[in-house]
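Residue numbers (my numbering): 12 to 445.
Using N, Cα and C, we set each Cβ at its ideal position, and we do this for glycine too.
Just so we're clear, the structure is a prediction, and the values are computed from it rather than from any experiment.
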Amino acid sequence: MNFSSLGLDPKILQAIEVCGYQHVTPVQEQALVPARRGRDLLVNAQTGTGKTAAFALPLLQKLIDQPKTAKNGQVRSLVLTPTRELAEQLAHTIGEYAQFLALDIVAVFGGVKMGGQAQQLKAGTDILIATPGRLIEHLQSGYVDLSTAEYVVLDEADRMLDMGFINDAIALINETAKNRQTLLFSATTTPAMNELGHKILRNHLDIRVDKANQTADTVSHVVYPVDEARKIDLFMTLLDQYNWYQILVFTSTKKQADHLLDRLKKQQIPAAICHGDKSQGTRRRSLKDFKAGKVQVLIATEVAARGLDIEGLDFVLNYNLPYLPEDYVHRIGRTGRAGQSGRAISFVCPEEVRFLRKIERLISGSIERIYQRGFELAEREEIAPTLVRQKTSPKKPNNKQTKKQSAKKPNRKKITTRAGGKNSKSGRKKLKKS
């Protein structure tokens, strides 16, 4: 399906063409039309499938179809997102879709001073993209009025749940127009996400483009079993062996990230860091330098698992496995995007085996183990692959097996039923009596 068949405004289609888009993705095909018709949506699709355009394009079209002027801190549409990086990325991407439209787009998030953001909000805006915490600050200060926001999007809603932002998000949604249209977008699905959908959506349409929590087919997965204390040495060995041009490394703690950065700098390897203790300016520069190829290794904590859109990124390394298996899906979603191939590498020590088991069950597949010479564990079976049930075709018996089986009496299949069923003892007695 082409975008031209969706009845979008010519200026939106012009921007889409400039962006290089030609055909709609599956999530866009399923979400664009009902979103334009005003339906609430709960959309689940893996990262890198075009979710932003799936909600941004109908949003822009509705703003064009119903022209209004936002004044005195008013907001016409609200997009909530969990991290600063994702807020900036959304503002940039939606800005590209709206480049030929006379619409105001404002992004507010922490890590920068509120003054400049407050001035933008006071003037009114068509599209407000915000992290929940910073938006609450502006709301409490009287800089913004959400009561006119008729179009609300929760992007990466599952991540908001994980990070504990969901109560703030719900409080903000309650400040918006009563007749609002609400869209929830997520890369993973959980019972908590479904419960949230029933809380804030009205007669919603449930769209699930892929198998729940499925990873992209373009990404290959490998695990390196290694003791925790030797992970840094293993990383330096593999970096030298494979000469990875650019690699995004996720650590579980800021301390681990800083320690790895110090080691890389001592080896004169261009590296940068992105975690919560760094200012927004520092994080922005780190990402910019990485995208520009000035940095070989970008180290990040979970704060960067969403919102990093790096074109052509080939490698993602889990220096530590995430506590939540769903976060593995988000981390490796930074590679293998838009149909390109990618490689997800994980260092796993014996203490992390339980996390690995959960990940393998979540993605319904065993991950290949690679034992690097010189870094072997004493007990390899501790990190043996998880047994995942797979459908296999029955093997045809050879002639000898067939003859042996035919000579034996056929085995009767034992049937186990609930008490009182016709195949149970009590059930047979009842049948005889009748």
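Nearest-angstrom Cα separation, counted from residue j out to residue i
i	j	result
L324	K289	23 Å
Y330	A355	11 Å
S458	L24	Residue 458 is absent from the model: the chain starts at 12 and stops at 445.
T293	C285	8 Å
L259	E239	19 Å
G353	L157	41 Å
T136	R87	7 Å
L183	K242	42 Å
E313	T262	7 Å
L74	M247	51 Å
P202	V306	40 Å
I218	P37	10 Å
Q85	K276	48 Å
P45	K265	42 Å
I140	I116	8 Å
I177	Q57	20 Å
Residues bridged to residue i [DSSP beta-bridge criterion]
i	result
G31	The partner list for G31 (beta bridge, DSSP) is empty, contrary to what the question assumes.
H232	A355
E379	V233
I258	V308, F326
L52	L194, L216
I284	I310
Coil, strand or helix - residue i by DSSP
i	result
S357	strand
E239	helix
Q291	helix
N205	helix
A198	coil
I310	strand
D300	helix
L245	helix
F9	What the structure shows of the chain is the stretch from 12 to 445, and residue 9 is not part of that stretch, so it cannot be assessed.
F366	helix
E387	coil
L250	helix
T346	coil
T63	helix
P333	coil
D338	helix
L275	helix
D20	coil
I374	helix
Buried versus exposed, by CB contacts within 10 Å (16 or more), residue i
i	result
K124	exposed
G208	buried
P21	exposed
P336	buried
V233	exposed
Y339	buried
Q450	With the chain running from 12 to 445 in the structure shown, residue 450 is simply not present.
Y108	buried
C7	The first residue shown for the chain is 12 and the last is 445, placing residue 7 beyond what the model contains.
E387	exposed
N83	exposed
V90	buried
E379	exposed
A168	buried
Q279	exposed
D251	exposed
H149	buried
M12	exposed
N55	buried
G304	exposed
Any chain B beta carbon closer than 8 Å to residue i
i	result
R354	No chain B is part of this structure, which consists of one protein chain only.
Of all the beta strand (DSSP E) runs that stay within the bounds of the segment 122–195, which reach a length of 3 or more residues? 136–141, 162–165
At 4 residues or longer, what runs of the alpha helix (DSSP H) sit wholly inside the segment 67–119? 95–108
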